[in-house]
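Peer 1:
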Amino acid sequence: MGQLRLLIQVAFRNLFASRINLLIGAIIFFGTLLVVVGGGLVDSVDTAMSRSIIGSIAGHLQVYSDHSKDELGLFGQMGGEPDLAAVDDFSVIKPLLEKHPNVKTVVPMGTSGAMVTSGNTVDLLLARLRELYRQRVDHGETPELREQLDSLKGHVRHIVTLLESDLANKDTLLSDGALEPADEEAIAKARSDAFWAGFEQDPFSALEFLENRIAPLLPDGTMLYLRYAGTDLESFQKSFDRMELVDGQPVPPGKRGMLLSKFFYEEFLKLKTARRLDLIKRERDINKKRIAEDPEMQRWVKENTQQLREFALQLDPLKTKLAIERLQNHLGTKEPNLEKLLASFFATTDDNFDARYATFYKDLAPLLELYRLRLGDSLTITAFTRTGYVQSVNVRIYGTYQFKGLEESQLAGGLNLMDLMTFRDLYGYLTPDRKAEIAEIQKKSGVTAVARENAEDALFGSSAAPLVADATPGLLNDKEGMDGMGHLRREDLAERVYNQQELEKGMVLSAAVILKDPSKLKETMAELQQSAKDANLPLRVVSWQQAAGIIGQFVMMAKMVLAIAVLIIFVVALVIINNAMMMATLQRVREIGTMRAIGAQRSLVLNMVLVETLVLGLVFGAAGALLGSGLIAMWGHAGIPAGNPTLYFFFSGPRLHPTLSLGILAAAFVIVLVVSALSTLYPAFLAARVSPLRAMQTDE
Amino acid sequence: MSAGQSPIVSIFDVTKDYSLGKVVVPALRGVDLKVFPGEFISIAGPSGSGKTTLLNLIGCVDTATAGVVSVAGQDTKKLTEKELTNLRLHTIGFIFQSFNLVSVLSVFQNVEFPLLLQRKLNKAERKDRVMQLLEQVGLAQHEKHRPNELSGGQRQRVAVARALVTRPQLVLADEPTANLDSVTGQHIIDLMKELNQKEGTTFIFSTHDAKVMNHANAVVRLADGKILDRVTSAEAQRAMAAGAEGH
Ligand SMILES: Nc1ncnc2c1ncn2[C@@H]1O[C@H](COP(=O)(O)OP(=O)(O)OP(=O)(O)O)[C@@H](O)[C@H]1O
Ligand SMILES: [Mg+2]
Numbered sequence: 065m066g067q068l069r070l071l072i073q074v075a076f077r078n079l080f081a082s083r084i085n086l087l088i089g090a091i092i093f094f095g096t097l098l099v100v101v102g103g104g105l106v107d108s109v110d111t112a113m114s115r116s117i118i119g120s121i122a123g124h125l126q127v128y129s130d131h132s133k134d135e136l137g138l139f140g141q142m143g144g145e146p147d148l149a150a151v152d153d154f155s156v157i158k159p160l161l162e163k164h165p166n167v168k169t170v171v172p173m174g175t176s177g178a179m180v181t182s183g184n185t186v187d188l189l190l191a192r193l194r195e196l197y198r199q200r201v202d203h204g205e206t207p208e209l210r211e212q213l214d215s216l217k218g219h220v221r222h223i224v225t226l227l228e229s230d231l232a233n234k235d236t237l238l239s240d241g242a243l244e245p246a247d248e249e250a251i252a253k254a255r256s257d258a259f260w261a262g263f264e265q266d267p268f269s270a271l272e273f274l275e276n277r278i279a280p281l282l283p284d285g286t287m288l289y290l291r292y293a294g295t296d297l298e299s300f301q302k303s304f305d306r307m308e309l310v311d312g313q314p315v316p317p318g319k320r321g322m323l324l325s326k327f328f329y330e331e332f333l334k335l336k337t338a339r340r341l342d343l344i345k346r347e348r349d350i351n352k353k354r355i356a357e358d359p360e361m362q363r364w365v366k367e368n369t370q371q372l373r374e375f376a377l378q379l380d381p382l383k384t385k386l387a388i389e390r391l392q393n394h395l396g397t398k399e400p401n402l403e404k405l406l407a408s409f410f411a412t413t414d415d416n417f418d419a420r421y422a423t424f425y426k427d428l429a430p431l432l433e434l435y436r437l438r439l440g441d442s443l444t445i446t447a448f449t450r451t452g453y454v455q456s457v458n459v460r461i462y463g464t465y466q467f468k469g470l471e472e473s474q475l476a477g478g479l480n481l482m483d484l485m486t487f488r489d490l491y492g493y494l495t496p497d498r499k500a501e502i503a504e505i506q507k508k509s510g511v512t513a514v515a516r517e518n519a520e521d522a523l524f525g526s527s528a529a530p531l532v533a534d535a536t537p538g539l540l541n542d543k544e545g546m547d548g549m550g551h552l553r554r555e556d557l558a559e560r561v562y563n564q565q566e567l568e569k570g571m572v573l574s575a576a577v578i579l580k581d582p583s584k585l586k587e588t589m590a591e592l593q594q595s596a597k598d599a600n601l602p603l604r605v606v607s608w609q610q611a612a613g614i615i616g617q618f619v620m621m622a623k624m625v626l627a628i629a630v631l632i633i634f635v636v637a638l639v640i641i642n643n644a645m646m647m648a649t650l651q652r653v654r655e656i657g658t659m660r661a662i663g664a665q666r667s668l669v670l671n672m673v674l675v676e677t678l679v680l681g682l683v684f685g686a687a688g689a690l691l692g693s694g695l696i697a698m699w700g701h702a703g704i705p706a707g708n709p710t711l712y713f714f715f716s717g718p719r720l721h722p723t724l725s726l727g728i729l730a731a732a733f734v735i736v737l738v739v740s741a742l743s744t745l746y747p748a749f750l751a752a753r754v755s756p757l758r759a760m761q762t763d764e
Numbered sequence: 065m066s067a068g069q070s071p072i073v074s075i076f077d078v079t080k081d082y083s084l085g086k087v088v089v090p091a092l093r094g095v096d097l098k099v100f101p102g103e104f105i106s107i108a109g110p111s112g113s114g115k116t117t118l119l120n121l122i123g124c125v126d127t128a129t130a131g132v133v134s135v136a137g138q139d140t141k142k143l144t145e146k147e148l149t150n151l152r153l154h155t156i157g158f159i160f161q162s163f164n165l166v167s168v169l170s171v172f173q174n175v176e177f178p179l180l181l182q183r184k185l186n187k188a189e190r191k192d193r194v195m196q197l198l199e200q201v202g203l204a205q206h207e208k209h210r211p212n213e214l215s216g217g218q219r220q221r222v223a224v225a226r227a228l229v230t231r232p233q234l235v236l237a238d239e240p241t242a243n244l245d246s247v248t249g250q251h252i253i254d255l256m257k258e259l260n261q262k263e264g265t266t267f268i269f270s271t272h273d274a275k276v277m278n279h280a281n282a283v284v285r286l287a288d289g290k291i292l293d294r295v296t297s298a299e300a301q302r303a304m305a306a307g308a309e310g311h
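Chains B and R are the protein sequences, given in the same order.
Each number in the working numbering comes from the position in the first sequence (counting from 1) with 64 added on.
Each number in the working numbering comes from the position in the second sequence (counting from 1) with 64 added on.
1) Kindly list the residues whose CB is nearer than 6 Å to the CB of B/T412, restricted to its own chain and excluding five residues on each side of it in sequence; keep chain order.
2) Going along the chain, which residues of its own chain have a beta-carbon closer than 6 Å to the beta-carbon of B/T649, five neighbours each way excluded?
3) If contact means a Cβ-Cβ distance below 7 Å, which residues of the stretch 73-105 of chain B contact chain R?
4) Between B/Q67 and chain R, is the shortest Cβ-Cβ distance under 8 Å, so that the two count as touching?
5) Can you give the beta carbon distance from B/L720 to B/I704, rounded, assuming they're within the 8 Å contact cut?
6) Around ligand 1, which residues pass a check of Cβ closer than 6 Å to any of its heavy atoms?
7) I'd like to confirm something about R/D245: is its beta-carbon nearer than 7 Å to some heavy atom of ligand 2, or not?
8) Can you list, in chain order, the residues of its chain with a C-beta nearer than 8 Å to that of B/S132? Leave out the 5 residues immediately preceding and following it.
9) Alpha carbon to alpha carbon, how far is B/P722 from B/L98?
10) Looking only at its own chain, which residues have a Cβ that is under 8 Å from the Cβ of B/G613, when we skip the five neighbours before and after it?
11) Does the CB of R/K208 have a neighbour CB from chain B at under 8 Å?
12) Here's a check: name, in chain order, each residue in its chain whose Cβ is nearer than 7 Å to the Cβ of B/F76, leaving out the five neighbours to either side.
13) Interface residues of chain A around R/T116 at Cβ under 9 Å?
14) Span of the beta strand (DSSP E) holding B/G174?
15) From what residue to what residue does the alpha helix (DSSP H) around R/F100 run?
16) Determine the burial state of B/D489: buried for a count of at least 16 other Cβ atoms within 10 Å of its Cβ, exposed for fewer.
17) Restricting to Cα atoms, I'd like to know which of R/A287, R/H251, R/D139 and R/E263 is closest to R/K275.
18) Locate the alpha helix (DSSP H) running through R/E258, then write down its first and last residues.
19) In chain B, which residues lie less than 8 Å from R/N120 when you measure between Cβ atoms?
20) Counting contacts by CB-CB distance shorter than 8 Å, is B/E676 in contact with chain R?
21) Taking only the alpha-carbon atoms, compute the straight-line gap between B/I461 and B/L439 and give it to the nearest angstrom.
22) Just to check my reading of the structure: B/V167 and B/V577 have Cβ atoms closer than 8 Å, yes? What is that Cβ distance to the nearest angstrom?
23) Apart from the five residues just before and just after B/L402, which ones in its own chain have a Cβ nearer than 7 Å to its Cβ?
24) Taking 8 Å as the threshold (C-beta atoms), are R/A280 and R/R294 in contact?
25) Going residue by residue through the stretch 319-352 of chain B, where are the continuous beta strand (DSSP E) segments of at least 3 residues, counting only ones entirely within it?
26) For the candidate residues R/A91, R/L236 and R/T127, whose alpha-carbon lies nearest to that of R/F269?
27) Can you tell which of B/I641, B/L729 and B/F715 has the C-alpha that lies nearest to the C-alpha of B/L86?
28) Considering only residues of the same chain and omitting the five flanking positions on each side of R/A67, which have a CB-CB separation below 8 Å?
29) Taking 8 Å as the CB-CB cut-off, is R/D126 touching chain B?
30) I'd like to know whether the C-beta atoms of R/D81 and R/V88 end up nearer to each other than 8 Å.
31) Among the candidates R/G216, R/G217 and R/V194, whose CA atom is the shortest distance from the CA of R/K208?
Take a look at the structure:
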């Protein structure tokens with residue numbers, strides 16, 4: 065094989081003989097670098113994201129009703145939740161799907177969203193006071209109870225004082241913000257010593273006065289949008305291995321209940337001051353940012369020094385005293401004003417942050433209610449049902465959960481989990497229980513079915529399933545529900561344990577399918593679709609990518625952009641290499657003619673030119689691939705920080721550790737070979753046609 | 065010459081026309097020529113007389129418009145492109161006016177090149193053969209050099225070695241000394257002559273130079289695409305002198 069060796073030798077020596085070759089080499093080098101680095105990154109994001117999506121909620125496949133107007137979008141879509149038709153009976157589709165040998169589990173599901181009010185400090189206090197006075201009625205007074213009562217009362221009084229000074233400020237600021245005379249009167253009454261002196265005589269009416277007249281003046285409860293997925297929680301936890309309980313306990317099997325996402329709990333229900341401290345800590349620890357340089361962190365610090373009201377409201381006089389002591393201690397001052405102490409305490413810098421963070425959680429947090437909602441409490445969720453009625457459901461929050469690696473991701477973290485029964489209630493689907501309950505209420509109160517929300521019916525109820533057409537009797541006001549029979553019924557519901565059959569025999573919006581062998585996803589998808597068709601069930605079977613909606617398309621889009629970039633680069637490379645090789649061939653006609661004259665066949669000349677470009681491609685391509693693999697390996701080791709929590713989802717965690725698959729390297733290799741071969745075909749053909757006569761030319 | 069031998073080159077009534085657009089330029093007009101093995105022949109004639117054209121036909125790098133060109137007993141008209149290439153590879157060696165070495169290859173590799181094309185010898189045999197020729201042309205110690213590190217005379221000696229490395233029956237050289245000074249040119253012709261005598265290789269070369277012509281056994285004189293005569297070198301010189309006087 066002396067000949068081939070010769071050709072390769074000629075090729076190598078020609079490699080650096082001309083500038084043109086260096087130009088071609090540079091193009092191939094950067095092209096390969098792009099393929100390897102770009103491909104590696106996109107591939108890794110793809111893998112990471114598929115892990116995020118599959119492991120958090122989608123499973124490998126999702127099955128939903130073919131009557132749906134919109135396509136399934138588990139993470140929502142632009143303009144809210146997609147319009148899906150319900151699958152009336154999960155117990156029909158489950159066995160159908162489970163029959164397939166590649167299906168591991170089928171998990172029932174439905175996602176939706178509703179508004180909730182996060183509790184208002186004074187509401188919570190008053191509710192607790194009421195509870196304590198009830199206890200006193202039932203069991204009599206103990207010194208302990210007395211102490212608790214006085215403390216709470218002190219706190220409420222303290223809040224009223226704060227409220228008065230707040231409103232006085234507002235009065236001077238906004239001329240038209242003047243308080244109604246009735247409200248002023250109410251505050252004056254609540255401030256008066258007489259009111260508090262008379263409190264013990266009739267605590268319940270005093271409480272009622274506070275609840276009705278004072279609490280509404282405190283605007284610190286916020287409306288929150290709560291996205292939730294109703295599912296069989298037990299099966300969900302088993303099937304989605306990324307899910308883990310953080311605090312609290314799992315919802316007991318068969319019971320109604322909810323697990324809030326840890327992210328949601330922290331972001332929306334935690335005391336803002338504490339949340340901001342956590343965020344600053346995260347930026348410092350994970351993203352290695354510094355307060356001195358980062359405007360966002362500076363904003364958090366500033367807000368912490370200014371927005372102290374929520375904080376101050378939480379402290380009763382006793383706790384205020386403790387807080388002042390502790391702050392004075394830590395700061396080493398004698399400043400007696402709590403707000404001033406807090407403002408200087410929260411004016412954190414890079415130097416003192418860690419110490420203050422620790423002090424906050426050690427000394428101040430125990431005095432505070434860090435979250436607006438305690439685990440074990442109930443949350444009232446108010447949703448529009450499919451028919452447009454407003455439906456309110458009380459559901460107990462058992463704990464918080466998170467998806468491993470996606471702790472900080474809004475996308476994954478925005479989703480809260482609830483049991484199927486509650487979901488169906490909110491959706492407007494009537495369980496037999498609920499139907500019975502409603503019938504009883506109607507009979508007792510003599511109310512005939514009132515469709516109060518008829519106007520909304522026209523707006524929302526366009527594609528009502530026949531199942532829910534018989535409708536709920538308008539608003540089940542939770543105030544009504546808290547009293548008398550309704551209250552009891554709700555307690556019953558909260559305690560009720562549903563069996564598997566009850567859970568499954570009912571409506572769902574979709575079903576997540578977990579596969580045994582995910583590599584056969586495509587085939588399984590087609591086969592399941594076929595078996596649904598055979599069984600005459602109007603179902604759509606989609607992959608996790610499609611089920612994730614826009615987010616699922618993200619990687620596809622990134623891949624396409626990359627492919628187009630690569631295509632453009634290589635088309636340019638193709639043209640340039642082609643021209644360059646033509647020029648090189650023309651420069652070498654005499655040399656080629658000489659070879660032909662002394663006995664080289666055309667094929668040899670052809671091979672010579674081809675080998676030359678191949679060698680060029682391989683040498684510079686290998687260099688590009690090497691650098692690319694080096695970069696990926698480096699990033700794979702150190703991890704690329706997501707920086708922005710939005711990216712956590714795509715990175716499947718705070719850092720992406722990209723890896724390079726052999727496929728990408730092989731693709732780069734093939735692309736380089738094909739491009740160099742294609743771009744040289746014509747020059748090589750021309751070279752082969754060079755006549756031996758050209759050797760005789762004396763062109764000097 | 066030697067009547068019992070068959071000629072290595074046999075040309076019969078050959079014409080060669082070049083067409084330049086619509087104009088037809090007759091470069092050769094009915095040429096007959098026989099060259100026998102071992103001859104050392106010079107082709108002489110004024111510029112444009114058709115020397116290069118004739119050598120190209122003999123060297124199988126071009127084809128005649130009419131007539132028969134036989135090389136080593138084969139009618140070149142009847143051979144395919146591939147066969148012609150093989151004929152050149154195995155039977156003919158070329159020495160060019162501008163040396164035509166492959167610039168990126170070393171002296172050794174340039175000389176080895178035709179052997180690699182032939183695929184007859186293994187690596188060790190090739191090495192022996194190449195070194196033997198480099199010694200003959202006096203460049204053994206330059207085997208690793210690149211052509212651009214050599215003088216013109218040295219380059220032409222490499223070219224001579226390359227032309228002879230396959231032990232061809234016939235070596236063609238179109239004005240091999242035209243790009244060299246007269247002393248160096250003289251050396252090249254001496255070298256060729258030496259190889260002709262030692263190895264019995266047939267040489268046909270063209271030249272303007274009377275001194276170069278001196279070394280030839282015979283001089284074929286061309287004018288206007290026709291062979292005037294075939295004479296000894298002494299006769300040719302006399303004729304040239306006379307021609308010069310006539311002007
Ligand atoms: N490729 C060509 N196209 C057209 N005409 C040509 C071509 N090659 C040679 N000729 C013409 O053919 C004739 C013979 O040319 P040739 O090159 O054979 O002469 P020569 O004896 O080698 O001349 P010189 O001594 O200048 O090299 C000339 O008239 C020349 O112009
Ligand atoms: Mg000539």
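Positions of the beta carbon are idealized from the N, C-alpha and C atoms, including for glycine.
Being a predicted model, the structure only gives us computed values, none of them experimental.
Peer 2: By the coordinates alone:
1) Contacts found: V365 and R420.
2) If we look at B/T649 and ignore the five residues flanking it on each side, its Cβ neighbours are P747, L750 and A751.
3) Closer than 7 Å at the C-beta level to chain R, one finds these residues of the stretch 73-105 of chain B: V74, R77, N78 and A81.
4) Yes, contact with chain R.
5) Between B/I704 and B/L720 the Cβ distance is about 5 Å, and since that is below 8 Å, they are a contact.
6) Listed along the chain, these residues meet the criterion: R/Y82, R/L84, R/V89, R/A91, R/G109, R/S111, R/G112, R/S113, R/G114, R/K115, R/T116 and R/T117.
7) Outside the cutoff, so no.
8) Within its own chain, the residues whose Cβ lies closer than 8 Å to the Cβ of B/S132, once the five positions on either side in sequence are excluded, are P146, D147, L148, A149 and R604, listed in chain order.
9) Their backbone Cα atoms lie some 15 Å apart in a straight line.
10) Closer than 8 Å at Cβ, skipping near neighbours: E135, L136, G137, L138, F139, G140, Q141 and P146.
11) No, R/K208 lies away from the interface with chain B (no Cβ there is under 8 Å from its Cβ).
12) V679, listed in sequence order.
13) Absent here is chain A; the protein component of the structure consists of chains B and R.
14) Segment V167 to T181, the beta strand (DSSP E) holding B/G174.
15) Where R/F100 is concerned, there is no enclosing alpha helix (DSSP H), given that its DSSP letter is neither H nor E.
16) Burial call: buried.
17) Among R/A287, R/H251, R/D139 and R/E263, the Cα nearest to that of R/K275 belongs to R/H251.
18) For R/E258, the enclosing alpha helix (DSSP H) has its first and last residue at S246 to E263.
19) Neighbours of R/N120 across chain B, judged by C-beta separation under 8 Å: L757 and M760.
20) Closer than 8 Å: no.
21) One C-alpha to the other measures close to 6 Å.
22) With a contact defined as Cβ atoms closer than 8 Å, B/V167 and B/V577 qualify at about 6 Å.
23) Excluding positions up to five away in sequence, the list reads A376, T384, A387 and I388.
24) No.
25) As summarised for the stretch 319-352 of chain B, the continuous beta strand (DSSP E) elements at least 3 residues long and confined to that stretch are 322-325, given in chain order.
26) Nearest of R/A91, R/L236 and R/T127 to R/F269, Cα basis: R/L236.
27) Among B/I641, B/L729 and B/F715, the Cα nearest to that of B/L86 belongs to B/I641.
28) Residue confidence is low: R/A67 scores 49 on pLDDT, short of 50, so the model does not pin down where it sits. Its coordinate-derived value is still stated next. Cβ neighbours of R/A67 beyond the five flanking positions: none.
29) Yes, because at least one Cβ of chain B sits closer than 8 Å to the Cβ of R/D126.
30) Going by C-beta atoms, R/D81 is nearer than 8 Å to R/V88.
31) Ranked by Cα distance from R/K208, the options R/G216, R/G217 and R/V194 are led by R/V194.
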